[in-house]
Amino acid sequence: MQENWLGRSEGATVLFPLRGAAREAVADHTGESEPVLEVFTTRPDTLFGATFMVLAPEHAWMEALLAVSPNTAGVQAYIEQALRKTEIERTSTDRIQDGVDTGLQALNPLTGEEIPIWVADYVIESYGTGAIMAVPAHDERDHAFATRYGLEIRTVIEPDPDAGDGPDEGAWTGPGTLVNSGNFNGLPVDEAIERISAHLAEAGQGEASVTWRLRDWLISRQRYWGAPIPMIHCPACGIVPVPEEDLPVLLPEGEIDYKPKGRSPLAALEEWVATTCPACGGPAERETDTMDTFVDSSWYFLRFCDAGNSERAWEREKADRWMAVDHYIGGIEHAILHLLYARFITKVLYDTGHVGVVEPFASLFTQGMVLRHGDKMSKSKNNVVPVGPFVDEWGADTARLTILFAAPPERDFEWTDEGVQGAFRFLSRAHRLLSEQSVAGSLGEAQARLDPGQMSPGALAAWRKTHATLKKVRHDAWEFHFNTAVAALMELYNELSRFAVESDADREVMGHCLRLFVLMLAPFAPHLAEEHWHRFGETESIFCTRWPEPDPAGLEVETVTFVFQVNGRLRGEADVPADEAGDKEAMLTAARAHENVARYLEGAEIVKEIFVPAKLVNIVVK
676 MQENWLGRSE
686 GATVLFPLRG
696 AAREAVADHT
706 GESEPVLEVF
716 TTRPDTLFGA
726 TFMVLAPEHA
736 WMEALLAVSP
746 NTAGVQAYIE
756 QALRKTEIER
766 TSTDRIQDGV
776 DTGLQALNPL
786 TGEEIPIWVA
796 DYVIESYGTG
806 AIMAVPAHDE
816 RDHAFATRYG
826 LEIRTVIEPD
836 PDAGDGPDEG
846 AWTGPGTLVN
856 SGNFNGLPVD
866 EAIERISAHL
876 AEAGQGEASV
886 TWRLRDWLIS
896 RQRYWGAPIP
906 MIHCPACGIV
916 PVPEEDLPVL
926 LPEGEIDYKP
936 KGRSPLAALE
946 EWVATTCPAC
956 GGPAERETDT
966 MDTFVDSSWY
976 FLRFCDAGNS
986 ERAWEREKAD
996 RWMAVDHYIG
1006 GIEHAILHLL
1016 YARFITKVLY
1026 DTGHVGVVEP
1036 FASLFTQGMV
1046 LRHGDKMSKS
1056 KNNVVPVGPF
1066 VDEWGADTAR
1076 LTILFAAPPE
1086 RDFEWTDEGV
1096 QGAFRFLSRA
1106 HRLLSEQSVA
1116 GSLGEAQARL
1126 DPGQMSPGAL
1136 AAWRKTHATL
1146 KKVRHDAWEF
1156 HFNTAVAALM
1166 ELYNELSRFA
1176 VESDADREVM
1186 GHCLRLFVLM
1196 LAPFAPHLAE
1206 EHWHRFGETE
1216 SIFCTRWPEP
1226 DPAGLEVETV
1236 TFVFQVNGRL
1246 RGEADVPADE
1256 AGDKEAMLTA
1266 ARAHENVARY
1276 LEGAEIVKEI
1286 FVPAKLVNIV
1296 VK
């Protein structure tokens, strides 16, 4: 994604003159007598097939165009909802592209035809020029858009005979020969790109050009809490840097109007703005623009290494001790901009000797989104399920467990009432089991006294299940497989519940298992676990306790439940000695001899026998 973001593109810049009311409005707005929409395209060979224009909702001329659009209200409403989306949402190929007609026109420079100007959120101001020529016959996204709104689709590339399906199957983006393209008919695509680019340059309608997706970092979004730019404007000396001894420039405190007004809120604070020029000593003004918060988020992890340092951002020795970050966990929307900036700044700091690592993050894990009726849980949508009322009714642990159990964390998942109720029921049952049992002595003391050889069958099964679960939860949590870790805890709860009702249940074994159960539950339901940890008589927080090591003896398995299938369907199972579970011939023999399996084999031809050690046998028949 970062490589694509930086990517070099060769093509042409094409100039589309505005027509009618659009021309007059933009001319007044810009002072240009003949305003033109500038478009960069990698496919100038398709210019004869451009049947409409699309502008980004935040295009620089949008205000002027809105004033004369026959559809001002509709365009304004569309822009307002479009700008509430993230760039990732707007450019996603999975969503249906939408837009709105401005009712205004531009001129195709090669055909001389007037073509409509639309606004659509899949065009981004920071990509190219914030305007595109739409060629629906030869671009998948433009084709879907034109099909949805009934716009003209004009074929200008005829596929080579051996190239596959033609344009009537959708947008044709492959090689071919120009058609419906005036004097350029019959040219192959590669030659047409060069010839049309040269023609545009000769006619003053554009030129061959190279562009990069990466744009200069923006500081256009002015916020009070942004980092002040340490410069001073002096009428006599010009722009002068703030002396190093006066750094950092601190934000003013007190009565601040934070609302954006098209400029930085700092500009309204006259006492803070007024200062003295460090060069000539005369009256001067501070720079009131602030840098966006991405500047700080591109190096904050280095500050964490030495957060208490009041003299400098960090000591190199401390940064070298902690960096690089082992795991970066964040949304996929950060993969391009934030992570790219962070990498860039770290590389600069490495080159200048301030850090000893050239890359800030050793690994990246991107989590999925939590959805509710198709909407993502986000601040911009008020989280869909309000946090406060939910916690009041269900508790924070239920919210955590619902999310962690629903799906692997790298996937999106749909928040459902059933999922909430399932998590709540499990926690309620666990709370009831823990409340009904008494636990005495420390974890280490109980472990030292327990002898598997002296345990009853029920106690031995519970003890072994607990230590096997301890191993699995540690492994799964480390690998971010939280849903399977929670599932293992649910299985352990079932085992301990069965053991609890046995008349001869060993209370010491039960107490030991419950202690471990609570420790394993703590990362997933911290409030419930902390409460019961103290009920056990502990005085320190459960999170001050080291994660225990499973007892090797508890991991020994005497028997394995082997599954027997016929054509993939369960037809039987058997508990077999663990040391025989890897013997293919022995397990195939046991499967064929199983009474229910034998019924399905009778009179059938065995095609294939599949053996998975310690798990299953699947016999395929016809």
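With the first letter of the sequence shown counted as 1, position 16 gets the number 691 in the working numbering; the numbers rise by one all the way through.
The beta-carbon is built from N, C-alpha and C at its ideal position, and this holds for glycine as well.
Between the CA atoms of residue j and residue i - distance to the nearest angstrom
i: residue 713; j: residue 692; result: 9 Å
i: residue 909; j: residue 1152; result: 58 Å
i: residue 868; j: residue 722; result: 10 Å
i: residue 830; j: residue 880; result: 22 Å
i: residue 863; j: residue 853; result: 6 Å
i: residue 946; j: residue 1208; result: 56 Å
i: residue 678; j: residue 1016; result: 13 Å
i: residue 650; j: residue 698; result: Here the chain covers residues 676 to 1297 and nothing more, so residue 650 does not appear.
i: residue 842; j: residue 870; result: Annotation note: pLDDT 48 at residue 842 (below 50); position unreliable, no value reported.
i: residue 1006; j: residue 824; result: 33 Å
i: residue 702; j: residue 696; result: 10 Å
i: residue 904; j: residue 731; result: 29 Å
i: residue 897; j: residue 966; result: 7 Å
i: residue 1104; j: residue 1008; result: 39 Å
i: residue 1176; j: residue 1280; result: 48 Å
i: residue 1181; j: residue 1198; result: 28 Å
i: residue 770; j: residue 950; result: 52 Å
i: residue 717; j: residue 809; result: 12 Å
i: residue 1071; j: residue 1080; result: 14 Å
i: residue 981; j: residue 795; result: 46 Å
i: residue 1256; j: residue 1245; result: 18 Å
i: residue 766; j: residue 959; result: 44 Å
i: residue 751; j: residue 793; result: 12 Å
i: residue 1026; j: residue 758; result: 38 Å
Beta bridge counterpart(s) of residue i as assigned by DSSP
i: residue 1291; result: 1238 and 1287
i: residue 715; result: 688
i: residue 882; result: 688
i: residue 795; result: 774
i: residue 756; result: Answer by DSSP bridge pairing: none, since residue 756 is not bridged.
i: residue 780; result: 791
i: residue 833; result: 852
i: residue 728; result: 792 and 808
i: residue 1311; result: The structure shown does not extend to residue 1311, since the chain spans only 676 to 1297, so no value can be given for it.
i: residue 1017; result: DSSP, once it has assigned bridges, lists no residue as partnering residue 1017.
Own chain residues within Cβ distance below 7 Å of residue i, not counting five before or after
i: residue 1034; result: 999, 1018 and 1021
i: residue 804; result: 713, 714 and 715
i: residue 636; result: Outside the displayed span of the chain (676 to 1297) sits residue 636, for which this structure offers no information.
i: residue 916; result: 905 and 906
i: residue 681; result: 887, 888 and 889
i: residue 800; result: 731, 733 and 734
i: residue 902; result: 965, 966, 970 and 971
i: residue 976; result: 1000 and 1035
Proximal residues to residue i (C-beta, below 8 Å), its chain only, five neighbours per side dropped
i: residue 1101; result: 1076, 1165 and 1168
i: residue 845; result: 815 and 818
i: residue 1230; result: 1139, 1142, 1143 and 1146
i: residue 851; result: 832, 833, 834, 835, 838, 863 and 864
i: residue 1099; result: 1069, 1070 and 1073
i: residue 1163; result: 1144, 1147, 1148 and 1151
i: residue 694; result: 779, 780, 781, 782 and 789
Whole-angstrom C-beta distance between residue j and residue i, which should lie under 8 Å
i: residue 1297; j: residue 1282; result: 6 Å
i: residue 942; j: residue 963; result: 4 Å
i: residue 1237; j: residue 1228; result: So it is not a contact: roughly 23 Å between Cβ atoms.
i: residue 1145; j: residue 1201; result: Contact flag wrong, Cβ pair sits at about 18 Å.
i: residue 978; j: residue 988; result: 6 Å
i: residue 1193; j: residue 1109; result: 7 Å
i: residue 1002; j: residue 1038; result: 6 Å
i: residue 689; j: residue 875; result: 6 Å
i: residue 754; j: residue 737; result: 7 Å
Contacting residues, own chain, Cβ-Cβ under 6 Å from residue i (five flanking each side not counted)
i: residue 1205; result: 1217
i: residue 746; result: 778
i: residue 704; result: 739
i: residue 1096; result: none
i: residue 1051; result: 1044
i: residue 1226; result: 1142
i: residue 1134; result: 1181 and 1184
Which complete alpha helix (DSSP H) runs does the stretch 1175-1250 hold, if anything under 4 residues is left out? Counting only runs of 4 or more, we get 1182-1196 and 1201-1210.
Alpha helix (DSSP H) runs contained entirely in the stretch 921-986, provided each spans 4 or more residues: You should have 945-948, 969-972 and 975-979.
Within the stretch 1024-1105, note down every full alpha helix (DSSP H) run reaching 4 residues or more, in order along the chain. Here the runs fully enclosed are 1062-1069 and 1071-1081.
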